[in-house]
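Working notes, structure below.
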Amino acid sequence: MKISLIKAKKNYKGKIAEIVASAATQNKFMSLGLYKGREITKISHFALSGPVAVKVGRSVIALGHSMAAKIILELE
Amino acid sequence: MINKIFLIGNPNVGKSVVFSRLTGVHVISSNYPGTTVGISKGFLTLGEEKIEVVDLPGTYSLESTSRAEEVAVGLLKEAPKETSAVINIIDSTNLERNLFLTLQLLEAGMPLIVVLNMCDEAGHRGVDINALELEKMLGVPVIPTCAVTGAGIKSLISRIKESRIVKEGKLTHEERWLKIGKIVEACQKLNHRHHTLRETLEDASIRPLTGLLMSVAVVYASFKVVRFLGEFLINRIFDPFFFDLYQPLLMKLSALLGGDGFLHHLLIGDLINGKIDFKQALGVLTTAPYIEFAMVLPYVVSFYLILSLLEDIGYLPRLAILLDNILHRIGLHGFAIIPVLLGFGCNVPGIMATRVLESKRERFIAATLISIGVPCVPLQAMIFGLLGGFGGFYVGGVYLVLFSVLIILGAVLNRTLKGFSPEFLLEIPPYRFPPLALLGQKLYYRVKGFLIEAVPVVLLGVLLINLLIYARLFDYVTGIFAPIIKGLFGLPKEAVVALVIGFLRKDVAVGMLMPLGLSAKQLFIAATLLAMSFPCVATFVVLFKELGFKNLIKATSIMIGISLVVGGILNFAILR
Chain F
1 MKISLIKAKK NYKGKIAEIV ASAATQNKFM SLGLYKGREI TKISHFALSG PVAVKVGRSV
61 IALGHSMAAK IILELE
Chain S
1001 MINKIFLIGN PNVGKSVVFS RLTGVHVISS NYPGTTVGIS KGFLTLGEEK IEVVDLPGTY
1061 SLESTSRAEE VAVGLLKEAP KETSAVINII DSTNLERNLF LTLQLLEAGM PLIVVLNMCD
1121 EAGHRGVDIN ALELEKMLGV PVIPTCAVTG AGIKSLISRI KESRIVKEGK LTHEERWLKI
1181 GKIVEACQKL NHRHHTLRET LEDASIRPLT GLLMSVAVVY ASFKVVRFLG EFLINRIFDP
1241 FFFDLYQPLL MKLSALLGGD GFLHHLLIGD LINGKIDFKQ ALGVLTTAPY IEFAMVLPYV
1301 VSFYLILSLL EDIGYLPRLA ILLDNILHRI GLHGFAIIPV LLGFGCNVPG IMATRVLESK
1361 RERFIAATLI SIGVPCVPLQ AMIFGLLGGF GGFYVGGVYL VLFSVLIILG AVLNRTLKGF
1421 SPEFLLEIPP YRFPPLALLG QKLYYRVKGF LIEAVPVVLL GVLLINLLIY ARLFDYVTGI
1481 FAPIIKGLFG LPKEAVVALV IGFLRKDVAV GMLMPLGLSA KQLFIAATLL AMSFPCVATF
1541 VVLFKELGFK NLIKATSIMI GISLVVGGIL NFAILR
């Protein structure tokens, strides 16, 4: 089962199943440590298609709504 | 022989602080990714040699995604490897992510030295890195430092010549992360810590409800402190100086000059009831220094103190995530709040900071909006000085009009300009508490920068105006523009002079309005127009540099158009 980062609940912790994005955007995610198989935790989500904050390793990263939609998590 | 050193690393790891430590050249550093958008150069003296040190904008990888990153990567790729050393600065609290760039640099065959910066903070956060083990695994020197206190910098300088090229095969991104996992496992030990108050606050500030409450509190408190501190400096230091010490001296000079005549007109200006009125005299020795030192400087000091504090603590990126939604409606994303806030200090650094935005479209929108709707500190100080006496209603009105223009114009630009604005992907830094000495130093350099830019222009500007008034040359200009000013804006024709002078510096221009004896409503319209119409000449130059000639013309046309429309509407709505 898979779930979009947008749909995941607050404090959900899971591995990235895939990132649906162009190669250039994939690279951008990659250099911040967001890549397939990486475990991340969703910290918060702002209403009205707002941004999402996640914790990756020791850093906190904020993603605009459509950026966050590109990340698909494994649902365990 | 090494004659050039490059500093490179992820955004917000302290490159600029290391740079200042190595060269003694001060550059602005803050706690958010993207403080440095241009390159800084300085020299390190090593025995007899002088080595050039280049501080590059931060980048997460060698594949650049913004203009600032492009600059960094481009310069690095051109560097001759035989005579350069590349210092890769790493944030020790976040070894894993930082190593991605490190491995890319090694793969690219750069002569590397690795600096583990922020070692003390890593310790506090329960991160223990074995530098020797890391050195063994990477094959290049690894030096732990804490640049804000200066620890480890000596050892870094003594080992600069040990920089080494390790020829590594190029890895795929996946292979690289796999390798990083192994390195981190071998070199880093995490001690489990309980959630500290600081971490609780860090989390709370990026959640919708608590974050919003915190931001309201922070913005409100900042505004109050800036005002309180500004007024305190004026009432306790600058006004007493001007009125008790400086004025008697000037009165003697005035008597010496005979109380009238050309020189008296230039230096002292016009006496009102036989006295010097600093706000209205318009002399090079009276109004010019009074505007800059007693009306503007106190707020420059208090504004930059608070801004610097918020920057260094790391609060600003949190504001970015909270405001992302609103800024989206005007074609920008949350991170654009940082150029906007800098613009409130001075439009010039604000517009330069738009380089952190990815697309040309966003940079155009942000730069145009800043130059139209964001009043700089000198302008704001003068608006308060001019309208404050009529009550907060009018001052608030100017801000309300500017804010509405910003939102409406932004929304229109977002709909009419081709293309779309990308979404943001932003690292939120942890809270940090800068040493007070460092904060003081940053404030000192910013205030000094302001004085160097402003004082000569203001003195020369007032001199020029006085000469023109004396020669009655303004009558010609006022005659041409009188129909617009009088008919459309409801202002007396003398206000033309102030609007024209606004191109030189906004604070002088507002100063020109004071002797005209305008009503509160007229002052309100004039101040709003001054804020929106042409930016000052320094901002103009930066707009040209950042946007190019074509877009500068576009932005300028928008400015003129908007000023005419808003000025006209205000006139018909409140004056008639």
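Protein chains in written order, with the numbering used here: chain F, 1 to 76; chain S, 1001 to 1576.
All C-beta atoms in this analysis are idealised placements derived from N, C-alpha and C, irrespective of residue type, glycine included.
Original post:
Which first and last residues belong to the beta strand (DSSP E) in which T41/F is found?
Top reply: If you look at T41/F, you'll find it in the beta strand (DSSP E) that goes E39 to H45.
Original post:
Should F1489/S be flagged as near chain F, meaning a C-beta pair shorter than 8 Å?
Top reply: No, because no Cβ of chain F sits closer than 8 Å to the Cβ of F1489/S.
Original post:
Taking Cβ positions only, does I3/F come closer than 8 Å to chain S?
Top reply: So no, I3/F is outside the interface.
**OP:** Give the DSSP bridge partners of C1119/S, in chain order.
**Re:** C1119/S pairs with nothing; no bridge assigned.
Original post:
Is the number of C-beta pairs between the stretch 1312-1326 of chain S and the stretch 1195-1215 of chain S that are closer than 8 Å three or more?
Top reply: Judged by Cβ distances under 8 Å, the stretch 1312-1326 of chain S makes contact with the stretch 1195-1215 of chain S, as three or more pairs qualify.
Subject >> Residue closest to G1324/S, alpha-carbon to alpha-carbon, out of H45/F, T25/F and Y35/F >> reply: Strictly speaking, residue 1324/S in this sequence is Asp, with Gly absent from that position. For D1324/S, the nearest C-alpha among the options comes from H45/F.
**OP:** Identify whether F1420/S lies in helix, strand or coil by the three-state DSSP scheme.
**Re:** For F1420/S, the three-state secondary structure derived from DSSP is coil.
Subject >> chain S contact for V60/F (CB, 8 Å cutoff) >> reply: Yes, V60/F counts as interfacial toward chain S.
Subject >> Chain-ordered neighbours of I43/F on chain S, where CB pairs are closer than 8 Å >> reply: Neighbourhood of I43/F in chain S, by CB distance below 8 Å: D1203, I1206 and R1207, in chain order.
Subject >> Cutoff 6 Å; reference M1110/S; Cβ partners in own chain excluding five residues on either side >> reply: For M1110/S, same chain residues with a beta-carbon under 6 Å away, outside a window of 5 residues either side, are V1086 in chain order.
Original post:
Taking the continuous beta strand (DSSP E) assigned at D1128/S, which residues delimit it?
Top reply: For D1128/S, the uninterrupted beta strand (DSSP E) run begins and ends at V1127 to I1129, by DSSP.
Original post:
In the stretch 1419-1438 of chain S, which residues sit with their C-beta less than 9 Å from some C-beta in chain F, listed in chain order?
Top reply: Within the stretch 1419-1438 of chain S, the residues whose Cβ lies closer than 9 Å to some Cβ of chain F are P1422, E1423, F1424, L1425, L1426, E1427, I1428, P1429 and P1430, listed in chain order.
Subject >> DSSP three-state assignment for Q1280/S, whether helix, strand or coil >> reply: Note: Q1280/S maps to coil in three-state DSSP.
Subject >> Spatial distance of V1219/S from I1206/S (CA atoms) >> reply: Rounded to the nearest angstrom, the gap between the Cα atoms of V1219/S and I1206/S is 15 Å.
**OP:** Work out the CA separation of F1503/S and E1546/S for me, nearest whole Å.
**Re:** E1546/S and F1503/S have their C-alpha atoms roughly 19 Å apart.
Original post:
Any C-beta of chain F sitting closer than 8 Å to the C-beta of R1097/S?
Top reply: Answer yes: the Cβ-Cβ gap between R1097/S and chain F drops below 8 Å somewhere.
Subject >> Per-residue contacts from F1100/S into chain F (C-beta, under 9 Å) >> reply: Those within 9 Å of F1100/S in chain F are M30, S31, L32 and G33.
Original post:
Would a check of beta-carbon distances place Y1060/S closer than 8 Å to chain F?
Top reply: Interface criterion met: the Cβ of Y1060/S is under 8 Å from a Cβ in chain F.
Original post:
So what does DSSP say about I1338/S, is it helix, strand or coil?
Top reply: I1338/S: helix per DSSP, three-state reduction.
Original post:
For G1042/S, which residues of its own chain have a beta-carbon under 6 Å away from its beta-carbon, when the five flanking residues on both sides are left out?
Top reply: Within the same chain, G1042/S has close Cβ partners T1023, V1025 and V1053.
Original post:
Quick one, which residues of the stretch 1060-1094 of chain S are near chain F if we go by CB-CB under 7 Å, in chain order?
Top reply: Answer in chain order: Y1060, S1061, E1063, T1065, T1093 and N1094.
Original post:
I think L1417/S touches G1331/S, with their Cβ atoms under 8 Å apart; what is that distance to the nearest whole Å?
Top reply: Contact holds; Cβ gap of about 7 Å.
Subject >> L1516/S beta carbon less than 8 Å from that of S1563/S >> reply: Contact annotation: S1563/S and L1516/S have beta-carbon atoms that are not nearer than 8 Å.
Original post:
DSSP on F1006/S, reduced to helix/strand/coil?
Top reply: F1006/S carries a strand assignment under DSSP once its states are collapsed to helix, strand and coil.
**OP:** Could you tell me whether any Cβ in chain S is nearer than 8 Å to the Cβ of N11/F?
**Re:** Output row for N11/F: interface = no.
Original post:
Once you ignore the five residues that flank V1383/S on each side, which residues in its own chain have a CB closer than 8 Å to its CB?
Top reply: A quick correction: the sequence has Ile, not Val, at residue 1383/S. Non-local C-beta neighbours of I1383/S in its own chain, meaning closer than 8 Å and more than five positions away in sequence, comprise P1375, V1395, V1398, V1510, A1527 and A1531, ordered along the chain.
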